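S.K.: Take the sequence shown: its letter number 226 is residue 441 in the numbering used here, and every next letter is one higher.
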Amino acid sequence: MEFSISGEDKMFLESVRAFAEREIAPRWVDIDERRWPIEEVAAKLGEAGLLGIPLSSKYGGQDGTFLQAALAVEELAYADPSLATPVYVLLETAWPFIVQRYGRDEVKEEVLPEVAKGRAFIGIGSTEPQGGSDVASFQTKAVRDGGVWRLYGEKNMVTGVTTVLNLPYGGGLVAITRTGRLEDKHRGITVFLALLKRRGQRAEGFEHRDWEEIGRHGLPTGYLRLEGLPVEDRFMLGELNGGFKIAMEGFDLARTIIGAASVGAARWLLDRGLEWIRQRAVFGKPIASYQAVSFKFAELYARLEAARLAVYKAAWIADRIYRGDSAFSIKDIATAGAVAKYLAVSLAVETALEVMKWFGGASYFKETNVARVLLGTLSYYVGAEGAENIMKLIIARNVVGRDYV
Ligand SMILES: Cc1cc2nc3c(=O)[nH]c(=O)nc-3n(C[C@H](O)[C@H](O)[C@H](O)COP(=O)(O)OP(=O)(O)OC[C@H]3O[C@@H](n4cnc5c(N)ncnc54)[C@H](O)[C@@H]3O)c2cc1C
Numbered sequence: 216m217e218f219s220i221s222g223e224d225k226m227f228l229e230s231v232r233a234f235a236e237r238e239i240a241p242r243w244v245d246i247d248e249r250r251w252p253i254e255e256v257a258a259k260l261g262e263a264g265l266l267g268i269p270l271s272s273k274y275g276g277q278d279g280t281f282l283q284a285a286l287a288v289e290e291l292a293y294a295d296p297s298l299a300t301p302v303y304v305l306l307e308t309a310w311p312f313i314v315q316r317y318g319r320d321e322v323k324e325e326v327l328p329e330v331a332k333g334r335a336f337i338g339i340g341s342t343e344p345q346g347g348s349d350v351a352s353f354q355t356k357a358v359r360d361g362g363v364w365r366l367y368g369e370k371n372m373v374t375g376v377t378t379v380l381n382l383p384y385g386g387g388l389v390a391i392t393r394t395g396r397l398e399d400k401h402r403g404i405t406v407f408l409a410l411l412k413r414r415g416q417r418a419e420g421f422e423h424r425d426w427e428e429i430g431r432h433g434l435p436t437g438y439l440r441l442e443g444l445p446v447e448d449r450f451m452l453g454e455l456n457g458g459f460k461i462a463m464e465g466f467d468l469a470r471t472i473i474g475a476a477s478v479g480a481a482r483w484l485l486d487r488g489l490e491w492i493r494q495r496a497v498f499g500k501p502i503a504s505y506q507a508v509s510f511k512f513a514e515l516y517a518r519l520e521a522a523r524l525a526v527y528k529a530a531w532i533a534d535r536i537y538r539g540d541s542a543f544s545i546k547d548i549a550t551a552g553a554v555a556k557y558l559a560v561s562l563a564v565e566t567a568l569e570v571m572k573w574f575g576g577a578s579y580f581k582e583t584n585v586a587r588v589l590l591g592t593l594s595y596y597v598g599a600e601g602a603e604n605i606m607k608l609i610i611a612r613n614v615v616g617r618d619y620v
């Protein structure tokens, strides 16, 4: 058991921290106010080697680990606690990795180096208007038509479509589609890398519009109508009707790194809160001297430590699995990823609310910036990449057993 980050990982962490402090932290409010477009941030992240950390160098990646991705994303969230930058990186950690694992060579060789350079974005096209939690009941169809697949249906709350359209190469989504009958449930699901823009050319067959979010404004999320979007066969990931497990694997990885983003935001909040409670004197004493304040700090600090360890453990399990350790299976990362997201996301939101109380009335004004963090962390609290109840469902099913839950 080793509780310190050492060797190569420590050097990596220090270099990411230096990059984040220099390039991102001074401008995170600009990102949230959309004065610094995410496409330009992506180019910087690409130059720094932070996109596609676990991708193979064969595809322009870093040959890194999920633990390194978690360390990087925590630092980026500390630098941009609105979460736009770390979420960009975490999506580009999980979903391109799924393309690397299940995609055809020629597709990987074309698209993944563009992702790594920050010239393409690959997000996840999962949620549908009738509900995002029940993936096995999704209705978006992929049908064969004259040698290609055509995608028809609606995806909702999809992050990054505008980003794809603004990036030089483009990119698209790991799209979850139905290729079997609805009654086939999860056995009738196929996933494709559905490119909405490729080599600078926008595809035909879709419409989209962004929603106006309450927070995390730097990274747009919107509605997507698929009206026969053509996808060549070679962009299928894995096998026909074998997509459900692939999608779940992507979610497990994403949730692990979402945990890291939430830990980074919570650490930023606690650090700002700590400075404040030491210096803000009310009734003649720093407010840190009131146990109602310092005990709450202690509680949140303890939860932060626990959440970070849960994230590291989930990332460590992912690394064991992908380096061929047969002692672990995908089910282990499902449970560990759900634990990491469950602990870290609720912690970040509750820390934001508590720190806002410590700041008092000042926190209600944008200038204090704490509310930006609350609004960013809420994205994962209300559902992005799986609702809190779904995290509990995964843990309960895997631990208590499917016969019961
Ligand atoms: C900022 C943001 C970005 C997003 N980005 C993406 C993206 O890039 N791609 C994408 O595909 N989606 C994205 N989403 C959507 C997200 O994945 C969904 O919100 C999530 O999966 C939940 O789906 P839903 O909102 O339709 O809620 P529903 O599925 O309608 O669920 C509503 C509520 O019912 C509860 N519930 C549902 N089923 C159960 C159950 N079995 N047991 C107990 N409780 C249950 C849930 O806890 C939930 O709170 C994003 C969402 C947000 C807010």
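For every residue, glycine included, the Cβ atom is placed at its ideal position computed from N, Cα and C.
Bear in mind that the values here come from a model prediction, so they are computed numbers and not experimental data.
(1) Compute the Euclidean distance between the alpha carbons of R249 and G433, then round it to the nearest angstrom.
(2) Looking at N381 and ligand 1, is the gap between the Cβ and the nearest heavy atom below 6 Å?
(3) Whole angstroms are fine: how far does the CA of L489 sit from the CA of R237?
(4) From T394 to N371, what distance separates their C-alpha atoms?
(5) Under 6 Å from any heavy atom of ligand 1, does the C-beta of V322 make it?
(6) Assuming contact is defined by CB atoms lying nearer than 7 Å, are N381 and E254 in contact in what I supplied?
(7) What residues match up with P383 in a beta bridge as DSSP calls it?
(8) Cβ of V376 within 6 Å of any heavy atom in ligand 1?
(9) Between S509 and ligand 1, is the CB less than 6 Å from at least one heavy atom?
(10) Determine the extent of the beta strand (DSSP E) in which T436 is found, giving its start and end residues.
(11) Buried or exposed, going by whether 16 or more other CB atoms sit within 10 Å of the CB of F336?
(12) Given a threshold of 16 other Cβ atoms within 10 Å of its Cβ, counted over all protein chains shown, does L397 qualify as buried or as exposed?
(13) Quick check on V478: does DSSP put it in helix, strand or coil?
(14) Run the CB neighbour count on P328, radius 10 Å, all protein chains shown included, and call it buried at 16 or more, exposed below.
(15) For the candidate residues W251, F281, A287, Y516, whose alpha-carbon lies nearest to that of A233?
(16) Where are the beta strand (DSSP E) runs, 3 residues long or more, that stay fully inside the segment 302-354, in chain order?
(17) Across the segment 265-282 and the segment 532-544, are there enough close Cβ pairs to call them in contact, namely three or more that are closer than 8 Å?
M.R.: Let me spell this out:
(1) Approximately 6 Å between the Cα atoms of the pair.
(2) no
(3) 23 Å
(4) Roughly 19 Å separates the two Cα atoms.
(5) no
(6) In this structure, E254 lies closer than 7 Å to N381 by Cβ.
(7) In DSSP, P383 forms no bridge with anything.
(8) The answer is no for V376.
(9) S509 Cβ: outside cutoff for every heavy atom of ligand 1.
(10) 436-447
(11) buried
(12) exposed
(13) helix
(14) buried
(15) A287
(16) The qualifying runs are 335-340.
(17) yes
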